[in-house]
Amino acid sequence: MKIIISFHRDVTPENSIFNKDLEKDFMSSSKDLFEKKTKPSLLLANQVGNMYTPSVYGGLVSYILSHTTEELQGKKIVLFSYGSGLASAMFSLHFTKEDKMTSALQQLKDNVSHVKSYLEKRTNCSPETFSQMMKLREETHNSAPYTPVQSTDHLFPGTWYLTEIDSKHRRTYQRKQTVPNGNICEEETQVAKGIR
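In my numbering, the protein residues as written are -10 to 185.
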C-alpha cells in the first residue's frame, strides 16, 4: 500500500476521482482483502442485481451461504446500508457458538439453503419477451381494479403472488403450492391490510 501512495503522491483529490491508474493499483493491492471479506457477500447481488432495500439482507444471506456453520460461529460481521437520500444504517451481528444441530445459526442456514438451487433453476427469456413483460407492467401500473394476466406456472413452490387489486387498491395474494414432507399443501390466500 505504501508503494501505491508513494507512486501516486502527486495526484490531487480532484484528479483521483477519474484516475484509472490509481483505481487499478488500489484494486490490485486490495484484491486479497476483497476476496476474503467482501466477495462472499456478493452471490445474490452478482446473480440478481441491485435489490435496493433488501440488498443488505441479500448480502447477509450470501455471506451465510458461502461459509459453513463452523466457520461462522463466533464471527462478528458489520452490515451497512445506505440510500440515495443520504440516510444510512450500520449494525453488527455476532454468530454465537452453540451446539451445531440445534443452533439458531444452523436453523438460519437451513432456511436459506435453497437459494443457490433456486438461482440455478431460473428461466431465461429473450429480450423481446422481457420487453413485453415490462410494457405490460408499465401499462397496468397503479391500475385498480386489476387482475394480473401472467401465468404463475414458472413460480417456485411457496412463492406469494398477486391475484387481484380491488377498486380501493387493496391487494389479494395467493401462495403457490408447497410440498413439505411430500404432502401437497392447500394454497393460501391473504388480503394485504394497507391501501397503496
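Using N, Cα and C, we set each Cβ at its ideal position, and we do this for glycine too. Note that the structure is predicted; figures quoted are calculated from it, not measured.
Terminal residues of the beta strand (DSSP E) in which residue i lies
i      : result
Tyr162 : 160 to 164
Thr152 : 149 to 154
Lys157 : Element bounds for Lys157: n/a, residue is neither H nor E.
For residue j and residue i, the rounded distance between their alpha carbons
i       : j      : result
Gln166  : Ser70  : 34 Å
Ser140  : Met122 : 12 Å
Ala34   : Glu59  : 24 Å
Val50   : Leu94  : 12 Å
Gly38   : Ser44  : 9 Å
Glu24   : Cys114 : 32 Å
Thr1    : Ser73  : 27 Å
Arg(-2) : Asn8   : 13 Å
His103  : Asp142 : 19 Å
Asn4    : Pro116 : 39 Å
Leu11   : Ser17  : 10 Å
Thr148  : Leu125 : 21 Å
Phe119  : Tyr46  : 26 Å
Ile6    : Phe84  : 37 Å
Leu22   : Glu128 : 46 Å
Val101  : Leu75  : 31 Å
Contacting residues, own chain, Cβ-Cβ under 8 Å from residue i (five flanking each side not counted)
i      : result
Thr152 : Thr136, Pro137, Thr161, Tyr162, Gln163, Thr178
Gly48  : Ser30, Leu31, Leu33, Ala34, Leu68
Ala133 : Ile154, Asp155, Ser156, Lys157, His158
Bounding residues of the alpha helix (DSSP H) (the contiguous stretch that carries residue i)
i      : result
Ile53  : 44 to 54
Leu108 : 104 to 109
Lys20  : 20 to 26
Ser5   : 2 to 5
Leu94  : 93 to 101
His84  : A small correction: the amino acid at residue 84 is Phe; His does not occupy that position in the sequence shown. Counting along the chain, Phe84 falls outside any alpha helix (DSSP H), and DSSP gives it neither H nor E.
Leu61  : 58 to 61
Ser115 : Where Ser115 is concerned, there is no enclosing alpha helix (DSSP H), given that its DSSP letter is neither H nor E.
Beta-carbon separation (whole angstroms), residue i vs residue j, contact threshold 8 Å
i     : j      : result
Gln36 : Leu108 : 5 Å
Leu68 : Phe80  : 6 Å
Beta-carbon proximity list for residue i, same chain, < 7 Å, skipping 5 on both sides
i      : result
Ile66  : Tyr52, Ser81, Leu82
Lys105 : Leu54
Other residues of its chain near residue i: CB distance less than 6 Å, five sequence neighbours each side excluded
i      : result
Ala78  : Ser70
Lys112 : One detail in the question is off: residue 112 reads as Thr in this sequence, not Lys. Around Thr112: His143.
Met40  : Gly47
Proximity winner among the options, relative to residue i (alpha-carbon distances)
i      : options                        : result
Asn131 : Ser120, Phe15, His158, Asp(-1) : His158
Asp99  : Leu125, Leu54, Asp88           : Leu54
Pro146 : Lys110, Asp88, Glu128, Ser19   : Lys110
Lys26  : His56, Lys13, Phe15            : His56
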